[in-house]
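First residue of the sequence shown: 8, per this note's numbering; consecutive thereafter. Glycine included, C-beta positions come from ideal geometry on N, C-alpha and C. Quick caveat, the model's predicted, so the values are computed rather than measured.
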Amino acid sequence: MSIHAVSPLFVGRARELAVLGDALARARAEVPSTVLVGGEAGVGKTRLVGEFIDRADDAMVLVGGCLELGTEGLPFAPFTAVLRGLVRKLGRDGVAALVPGGATRGLARLLPEFGEPDKDGPEARARLFELVLGLLERLAEERAVVLVVEDAHWADRSTRDLLSFLVRYQRIAGRLLIVVTYRTDELHRTHPLRPMLAELARVEWVARTDLRRLTRREAVAQAASILEREPSPADMDLIYTRSEGNPLFVEALLSEGGGGDALPESLRDLLLASVERLPEETQELLRVASAGGQRIEHDLLSAVAGLDESALSRALRPAVAGNVLVVDGEGYSFRHALIREALHDDLLPGEHTRLHTRYAEALERDLSILPAPRGAIELAHHWHSAHDSTWALVSAWHAAAEARKSTAYDEQFGMLSRVLELWDQVPDAAERIGCDRLDVLKQIATVAHLAGEYERAVALASAALAELDERTDPIRTAVVLRQRGLTRYDLGRPGYLDDLRRAAELVPADAPSKLRGQVLESLSRMLHGPEDWPEKIATAQQAREIGRQVGDANVEAHALINLTWARFGYSEVEAQLAAFAEARRIAAAGEAYNALMRCAISESDALEGAGWHERAAQVARDGVEEAANYGLARTSGAFLGINLAEPLVSLGRWEEAVQVIEHALDLTPPAPYRASLQGFATDIALARGQLDRAEQLLGSSRSVFSRGTYRDQTVLPHLCREVQLLQARGQLEEAVRAAARALEERDLMVSPRYAWPVLVTLARLLLAVAPPAPRSGGGVGAAQGSGALAQLALSLMPRLRALGQKLPAVGDLQQAYRLTFSALTGPETPIEDAAELVAWQVKAWDLAVGAWAALRQPYAEARSLVSAAQAALAAGDRQEAAGRLTRARELAGRLGATPLLEQIDVFGRRARIGGSEEAAADGQPLGLTARELEVLREVADGRSNREIAEALFISVKTVSVHVSNILAKLGVATRGEAAATAHRLHLFDAP
C-alpha cells in the first residue's frame with residue numbers, strides 16, 4: 008500500500024472550476040472578467056488555481072504571488088514576478104517591443120534590467136500603472152491572458168493599488184482574465200484588503216467565490232485517492248472530525264496516521280509532523296529557510312546556511328521529496344505558508360534573532376543576491392526582526408529610497424516612519440544616514456502627501472514646523488510650509504494661502520533658486536479670486552523668470568499658464584492660445600509631462616469658456632491621445648474627457664458626448680471627475696425629458712459634493728441641474744426655495760462664466776411660477792398669480808435682475824447668456840407703450856437667437872427661437888412666428904429634445920402656426936377637453952380638488968374624475984408632474 012502526500016484526485020471543486028472556466032470564456036470573447044477566490048488557509052486555493060491553469064488550453068498564464076515580510080508586504084511583488092517571467096520567456100527586447108513606443112524606463116521601477124527609471128514626480132506612478140496595463144493589452148491581442156495574483160492578504164499598499172487599477176480598467180485590455188486569491192481567515196476587521204475587496208465586488212465584471220470546506224463524502228473521496236483504498240468508517244470519522252473538512256489537514260492527518268501512530272493533538276504538531284520525520288540536517292535547514300519568508304532564493308539560502316553546494320543539495324532533497332518544499336524558479340517555496348509559519352513560530356527567541364542577523368549579514372555582503380528593490384527591503388526587514396536598532400534604522404533609510412524608485416509611496420512612508428521610531432535609540436543616527444531628524448520629518452511629510460495620507464501629511468508638516476526656527480532655518484521652514492500649504496489645498500482646508508505666502512517671504516529673493524520658483528508658482532496657482540489677480544500676476548511673473556533662469560521647465564511652464572489665466576479674459580482668445588502654445592513648447596523641451604497635460608486642460612477649457620466649441624473639442628481630443636502617449640490616459644486623460652464632453656454637449660453632438668462620457672467613466676476616474684462627467688450626462692437627460700435618469704445621475708453627483716468643498720466651476724452647474732430637475736418634475740416650491748438659497752448664500756459675482764447659466768436658469772423658473780402679465784414685458788411688478796409661491800418668486804426677481812445688471816459678460820458665450828437673460832427679464836427701463844414693448848421683445852429674442860446660432864449651440868438657439876416666435880406672434884407677425892417655430896422644431900427634433908418639441912407643438916396648435924399637422928381648427932392641446940383644460944389650469948396653480956370644485960362650481964368627485972383623465976392623457980403619474988407639464992409647455996401663457 009502506498010500513501011500519496013497530495014491527493015491525485017481533485018475533489019469537491021466542480022462549481023469553482025466552472026466559475027473560472029466561464030470567466031475565461033468571457034475573457035476570450037473580450038468581455039472583462041475578474042474572479043476573487045477566497046478561503047481559509049489549507050482549503051485548496053492554490054490547488055484550484057493550478058487545476059484551472061492546467062485546463063486553460065492556449066491561454067497565456069502569468070502568475071505572481073504576494074510575499075510576506077513580517078508585518079509588511081514586498082512592493083509590487085506579484086507584478087515583479089510576472090515581469091521577470093516574461094523577460095525569461097520573451098527576452099528583454101521582446102518585452103520592450105510590447106510596450107508602446109518601446110519606452111521601458113518606467114518598467115525599471117519593477118525590474119532593474121530595463122535600466123534607470125524615468126523621472127520621479129506625481130505622474131511617475133500613473134505612468135507605471137499605464138505601462139503594466141498596456142503590456143497586458145498587447146499580450147492579450149494575440150490570445151487570452153490569465154493574470155493570477157496569489158496571497159493578496161499579504162499585498163502591500165502599492166500592489167493593492169495597481170491590482171485595483173488593473174481590475175477597474177480591465178475593459179480596455181481585451182482578452183484578460185484576472186484571478187486573485189486570498190485567505191479569508193486573515194482578514195480581521197481592520198485588514199487593508201477588506202475595503203478593496205468590497206469596492207471591487209461592486210464592479211460589474213468582478214465575481215467573488217469562497218472555497219468551502221469539503222463535505223464528508225468529498226473528504227472520503229480525497230482520502231481514498233491518497234491511500235489508494237477507502238478508509239474504514241471509524242478512521243474516517245476521526246479524520247473528518249479532526250480536520251473539519253480542510254483538505255490540507257485531511258492530507259496531513261492521513262500522512263501522519265498512515266503508519267499507525269497516534270494522530271497529533273494540535274494543529275502546530277500536525278503541521279510540524281511532516282518536518283520532524285525528515286533528517287536532522289534537513290530540519291535545521293528548514294528552520295533557517297523559515298526566517299527567509301515563504302519563498303527564498305537558492306543563493307541566499309546557501310549564503311545564510313553556510314553550506315557548500317553538495318551539503319546544501321543533500322539537506323534539501325528530503326524536504327523536496329517529502330513535499331515540504333517545492334522548487335520555484337531559482338529558489339524554493341514552502342508547500343504551504345502554514346508550514347513555514349509553524350516552523351518560524353517554533354524558533355526560540357535567540358534562534359530568531361540569530362537567524363535574521365545571519366540573513367541581514369549575508370545581504371550586507373552581497374545585496375545583488377536578490378533583485379532590486381527586493382534586496383534593500385528584505386535587508387531592512389531582517390535587521391528590524393533581529394532587533395538591531397542601528398542597522399534597522401540605516402537599512403530602513405536605504406529601503407525608503409528604493410521604494411521611491413518603484414513609486415511605492417506607502418511603503419516608503421512606512422520605512423521613513425520606522426526611521427523616526429528608531430531615531431532616539433541611535434545616538435549617531437544623523438551621521439549614519441547623512442541628514443538630521445528634521446530632514447526626515449520634511450521628507451516623510453512630502454511622501455505622506457504622495458501616498459494620499461493627507462491628514463498625516465499635515466500633522467507631520469506641523470510637527471516639523473514646531474521644531475523649526477524660521478529665523479535660523481528659513482529655507483527648510485519654507486519647504487515644509489509649501490508642502491503643508493499644498494496639502495491643505497487638496498484637503499479643502501483654510502490656511503493654505505497663509506502657508507504659501509509665508510514660504511515666499513522666507514525664501515531669499517536676492518538670488519534666483521529652484522525653491523523660490525516652486526513656492527511662487529504654487530502661490531500664484533492657488534490665487535483664484537478676482538481680488539487676488541494683481542498678486543497672482545506678480546508672483547507668476549517672478550516664478551516664470553526664476554524657472555527660466557534656473558532651468559526648471561516645470562515651474563516656468565506652470566507659471567506661464569497661471570499668468571495666462573490671470574492676464575487674458577475670454578474675449579482675448581488669440582492671446583491666450585499663443586501663451587498656451589509657448590507653455591507647451593517649454594514643457595515639451597523639459598519633458599515636464601504634468602505641465603504638458605495642464606496646457607491641454609487649460610487651453611481646451613479657455614476655448615470652451617470663450618464659446619469656441621469646435622476648437623475646444625479638438626484640443627481636448629488631442630490631449631487625450633497625448634495623455635495616452637505619456638502613460639497618463641486614466642489620470643490627465645480622464646480629466647480631459649470632461650473637457651471634451653462639455654463642448655460636444657454645447658455643439659449638440661449629444662450621442663458623441665454620451666460615448667465620451669461613458670468611456671471616461673469606464674476608466675473609474677476620481678469621484679470629483681466622475682461627478683463632472685455625470686453632470687454633462689444629466690444636461691442631456693434633462694433636455695431629452697429622461698427625468699429618472701437625470702435624478703439618478705444627480706444623486707450620484709450630490710453624494711460626492713456633500714463630502715467636500717468645491718469651486719464655482721463645479722458647484723454652480725450642479726445648482727442649475729438641481730433647479731431644472733425640480734422644475735421639470737413640477738416641484739416648483741422646492742425649486743423656488745433652492746433659487747432663494749442660491750441668491751442668499753452664493754456670491755455669483757465671483758465667477759461670471761458659471762454664474763450666467765445660473766441667472767438664466769433662475770429667471771426661467773421664476774417667470775414660470777409668476778409669469779408676466781400680458782404686454783408687461785417682464786416679471787418685475789407685473790406678474791400674474793397671487794399665491795404665496797408666486798409672491799416668493801416675485802420677491803426674488805428684483806435681486807436677480809440687479810445681479811444681471813452688475814455681472815460682467817466677457818466673451819461671446821457670456822454675451823449670449825446676457826442677451827437671453829435680458830430677453831427673459833425685460834428692459835431695464837420700463838416701456839409704457841405696448842407696441843414699443845412688443846417690438847423690444849422681438850428684437851431682444853432675435854439678438855439672443857443670433858448669438859446662439861453664431862456659437863453653434865442648437866439647443867440654446869431652439870429655446871430662444873420658441874420665445875422669439877411667441878414675441879413675433881404677440882407683435883401680430885404670424886409668418887415670422889411660424890418661420891421661427893419651424894426652425895426651432897427642426898433643431899429640437901435633431902437633438903431628440905422631447906420636452907422642447909412638446910412645447911413647440913402645443914404652442915403651434917394653440918396659435919395655429921408652425922406647420923403642426925395635429926392642430927385642428929377646433930382642437931385642444933394634448934387632446935384635453937375644454938373642462939379638463941380649466942381643471943389643469945387650477946392644478947397648475949397649486950389648488951386642491953376642493954378648491955377647484957368651489958372655483959368651477961362642480962363637485963369634488965367630478966374634479967377627481969377630470970384629474971384622473973388629465974393624468975392619463977398627459978402620461979404622468981402625479982398632479983405635480985401634470986402641473987410641470989403645463990408650465991413647461993406654456994399652456995396657459997397669453998399668446
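Residue burial classification, residue i (beta-carbon count within 10 angstroms, cutoff 16)
{"i": "Pro124", "result": "buried"}
{"i": "Glu924", "result": "Reliability fails at Glu924, whose pLDDT of 44 lies under 50, so the model's placement of it is uncertain and the value that follows must be treated cautiously. By the neighbour-count rule (16 or more Cβ atoms within 10 Å), Glu924 is not buried but exposed."}
{"i": "His195", "result": "exposed"}
{"i": "Lys964", "result": "exposed"}
{"i": "Asp929", "result": "Confidence at Asp929 is low in this model, with a pLDDT of 43, below 50, so its placement is unreliable and the value that follows should be read with caution. With fewer than 16 Cβ atoms within 10 Å of its Cβ, Asp929 is classed as exposed."}
{"i": "Ala408", "result": "exposed"}
{"i": "Phe17", "result": "buried"}
{"i": "Asp217", "result": "exposed"}
{"i": "Ser6", "result": "Any question about residue 6 goes unanswered here, given that the chain covers just 8 to 998."}
{"i": "Asn636", "result": "exposed"}
{"i": "Gln812", "result": "exposed"}
{"i": "Arg132", "result": "buried"}
{"i": "Val426", "result": "buried"}
{"i": "Gln432", "result": "exposed"}
{"i": "Gln864", "result": "buried"}
{"i": "Phe960", "result": "exposed"}
Boundaries of the beta strand (DSSP E) in which residue i is found, first to last residue
{"i": "Glu157", "result": "Val152 to Glu157"}
{"i": "Thr289", "result": "Thr289 -> not in any beta strand (DSSP E); alpha helix (DSSP H) instead, spanning Glu287 to Ser297."}
Helix, strand or coil at residue i according to DSSP, with G and I counted as helix
{"i": "Phe533", "result": "Position check: residue 533 holds Met in this sequence, whereas Phe was assumed. In this structure, Met533 counts as helix in the three-state DSSP scheme."}
{"i": "Gly19", "result": "coil"}
{"i": "Thr188", "result": "strand"}
{"i": "Ile568", "result": "helix"}
{"i": "Asp335", "result": "strand"}
{"i": "Ile303", "result": "strand"}
{"i": "Val978", "result": "The sequence given here has Gly at residue 978, not Val. Coil at Gly978, not helix or strand."}
{"i": "Pro779", "result": "strand"}
{"i": "Ser375", "result": "helix"}
{"i": "Ser962", "result": "coil"}
{"i": "Phe995", "result": "coil"}
{"i": "Leu1021", "result": "Residue 1021 is absent from the model: the chain starts at 8 and stops at 998."}
{"i": "Glu945", "result": "helix"}
{"i": "Ser340", "result": "strand"}
{"i": "Met8", "result": "Only weak support exists for where Met8 lies, its pLDDT of 40 falling under 50; the value from the coordinates is given anyway. Met8: coil per DSSP, three-state reduction."}
{"i": "Pro481", "result": "helix"}
{"i": "Gly141", "result": "helix"}
{"i": "Lys126", "result": "coil"}
{"i": "Gln734", "result": "helix"}
{"i": "Arg592", "result": "helix"}
Beta-ladder partner(s) of residue i, from DSSP
{"i": "Thr905", "result": "Answer is none; Thr905 lacks a bridge partner."}
{"i": "Arg215", "result": "Leu43"}
Residue i - containing alpha helix (DSSP H), residue span
{"i": "Ser758", "result": "Unbroken run through Ser758: none, as it is neither H nor E."}
{"i": "Gly71", "result": "Premise fails: Gly71 lies in the beta strand (DSSP E), Met67 to Gly72, not in any alpha helix (DSSP H)."}
{"i": "Pro805", "result": "Ala795 to Lys813"}
{"i": "Gly630", "result": "His620 to Asn636"}
{"i": "Asp506", "result": "Tyr503 to Leu513"}
{"i": "Ser657", "result": "Ser643 to Ser657"}
{"i": "Ile384", "result": "Arg381 to Ser392"}
{"i": "Gln556", "result": "Trp540 to Val557"}
Proximity of residue i and residue j at Cβ, strictly below 8 angstroms
{"i": "Leu803", "j": "Leu739", "result": "no"}
{"i": "Gln734", "j": "Leu769", "result": "no"}
{"i": "Gln301", "j": "Glu75", "result": "yes"}
{"i": "Leu647", "j": "Ala607", "result": "yes"}
{"i": "Pro380", "j": "Ser413", "result": "yes"}
{"i": "Leu221", "j": "Gly57", "result": "no"}
{"i": "Ile955", "j": "Val966", "result": "yes"}
Check: residue i C-beta below 7 angstroms from any heavy atom of the ligand COA
{"i": "Glu337", "result": "As presented, the structure is devoid of all ligands, the ligand COA included, so that no description of it is given."}
CB contact below 8 angstroms: residue i versus chain C
{"i": "Ser713", "result": "Of the protein chains in this structure there is only one, and it is not chain C."}
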